[in-house]
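For reference, the structure is listed below as structure tokens.
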Amino acid sequence: MRILLHRADGNTAPWVADFAQALPEAEVVAWKEGEAVAPCDYAVLWSPPAALVPELQHVKAIFLTGAGVDAIMKFNDQLPDVPIIRLGDAGMAVQMAEYVLHAVLGYYRRMPEYEAQARRGEWKQLPQHRKEDFTVGVLGTGVLGMRVVEALRHFGFPVRGWSRSAKSIEGVASFAGMESLDGFLAGSRVLVNMLPLTPETNELLNHARLSRLPKGAYLVNVARGAHIVENDLLELVKSGHIAGATLDVFANEPLPAAHPFWSEPRITITPHVSALTLRTESVQQIAGKMRALARNEPVADVVDRQRGY
Ligand code: NAP
Ligand code: GLV
Numbered sequence: 000m001r002i003l004l005h006r007a008d009g010n011t012a013p014w015v016a017d018f019a020q021a022l023p024e025a026e027v028v029a030w031k032e033g034e035a036v037a038p039c040d041y042a043v044l045w046s047p048p049a050a051l052v053p054e055l056q057h058v059k060a061i062f063l064t065g066a067g068v069d070a071i072m073k074f075n076d077q078l079p080d081v082p083i084i085r086l087g088d089a090g091m092a093v094q095m096a097e098y099v100l101h102a103v104l105g106y107y108r109r110m111p112e113y114e115a116q117a118r119r120g121e122w123k124q125l126p127q128h129r130k131e132d133f134t135v136g137v138l139g140t141g142v143l144g145m146r147v148v149e150a151l152r153h154f155g156f157p158v159r160g161w162s163r164s165a166k167s168i169e170g171v172a173s174f175a176g177m178e179s180l181d182g183f184l185a186g187s188r189v190l191v192n193m194l195p196l197t198p199e200t201n202e203l204l205n206h207a208r209l210s211r212l213p214k215g216a217y218l219v220n221v222a223r224g225a226h227i228v229e230n231d232l233l234e235l236v237k238s239g240h241i242a243g244a245t246l247d248v249f250a251n252e253p254l255p256a257a258h259p260f261w262s263e264p265r266i267t268i269t270p271h272v273s274a275l276t277l278r279t280e281s282v283q284q285i286a287g288k289m290r291a292l293a294r295n296e297p298v299a300d301v302v303d304r305q306r307g308y
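For the sequence shown, numbering that gives the first Met the number 0 begins at 0 and goes up steadily by one.
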């Protein structure tokens, strides 16, 4: 078995070593631009450069080292008709739960306001928010979104979820489809975005939709920057309609130095770290799926190329 490996950071050696341990029968070839590659059975990558795409013509499946699929789906027309298999959790869900819970609890316990007071040397107790006024709306109740829902429920937050297909989740108000989005937003004091980026969800959160959130709402975006029209968000934060935003992802990454988000104190910025790919867990999962394919067994997390995620 030959595996073609690409890492955008160029740090292929530990991945090659882990695959050698997990699949001793496999030969792993790290892709280098300009070097000829003998045909491979599988590719393991996440955000391939355009020059790599022709090498995928001979593979039997493409394995992604991430949960999101937008970076490969932009080449959809050039890809062979083989399964594209993304990571299913692989240690990401708990990281998402940690990140989102940290942000929601921070807003709920008024931490940004206390931090600002402390910088001014001000000792003042603010009225405590009440959970019944702090409904969290989770856009996207998939593999990662469901773990976040569970964590929020554990802390007693009222939770609502929005997905493409109708769902019944115990203790969660479930909304499905575009026609239910405005009502979903209107009742979300905190909006958490966990959607995949597809043609339907690109720039979903524009001025009109974000204005549906109640005044003083908060936004946590851990999905993709392109889900949000960034200038619209900035305007709504500056007007006070949105009281604060925690953003892990941006339309352009790294966030350009001159971007106005950097100087807006009500916007918290992290560099796309809410759920990192964990190498050991990922290699184990991918190797297991390769073995299953070799036995002609079905595997989970196959991307629906029509749906785009
Ligand atoms: P997933 O299991 O595919 O779940 C996607 C969810 O979004 C599903 O509930 C799906 O609805 C819903 N959805 C998709 N299109 C929709 C639409 N048009 N309208 C309404 N709902 C829609 O994905 P996941 O594994 O949870 O990952 C979610 C996203 O997290 C990834 O795509 C990626 O962008 C992001 N991510 C970010 C990081 C980071 O570090 N920032 C790390 C990993 C992942 P159905 O349930 O009805 O299908
Ligand atoms: C990271 O953003 C991922 O989609 O895995």
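Built from N, CA and C at the ideal position, the CB exists for glycine as well. Keep in mind it's a predicted model, so treat the numbers as computed, not measured.
| Asked | Found |
| --- | --- |
| If you follow the alpha helix (DSSP H) that THR279 is in, where does it begin and where does it stop? | 278 to 293 |
| As an exercise, report each continuous beta strand (DSSP E) stretch of at least 3 residues that is fully enclosed by the stretch 21 to 58, in chain order. | 26 to 29, 41 to 44 |
| At 4 residues or longer, and completely inside the stretch 61 to 86: list those alpha helix (DSSP H) runs for me, N to C. | 69 to 72 |
| For GLY105, report the span of its alpha helix (DSSP H) as first-last. | 91 to 107 |
| Give me whichever residues DSSP pairs with ASN10 in a beta bridge. | Bridge partners of ASN10: none, in fact. |
| Which parts of the stretch 198 to 227 are runs of the beta strand (DSSP E), unbroken and 3 residues or longer, counting only runs that do not cross its ends? | 216 to 220 |
| Can the beta-carbon of ALA286 be found less than 7 Å from the beta-carbon of ALA21? | yes |
| In whole angstroms, what is the alpha-carbon distance linking LEU4 and ALA60? | 13 Å |
| Taking all protein chains shown into account, decide if PRO53 is buried (16 or more other Cβ within 10 angstroms of its Cβ) or exposed. | exposed |
| PRO184 lies in the alpha helix (DSSP H); which residues open and close that run? | First, the amino acid is wrong: residue 184 is Leu here, not Pro. Per DSSP, LEU184 belongs to the alpha helix (DSSP H) from 180 to 185. |
| Give me the Cα-Cα distance between MET110 and HIS153, rounded to the nearest whole angstrom. | 20 Å |
| Less than 8 Å between the CB atoms is what I'm expecting for ILE2 and VAL43, so what's the real figure, rounded? | 6 Å |
| Going by DSSP in three states, VAL272 sits in which element: helix, strand or coil? | coil |
| Looking at C-alpha atoms only, which residue of THR64, GLU34, LEU55, ALA257 is the closest neighbour of SER281? | THR64 |
| Can you tell which of VAL28, PHE133, TYR217 has the C-alpha that lies nearest to the C-alpha of ASP40? | VAL28 |
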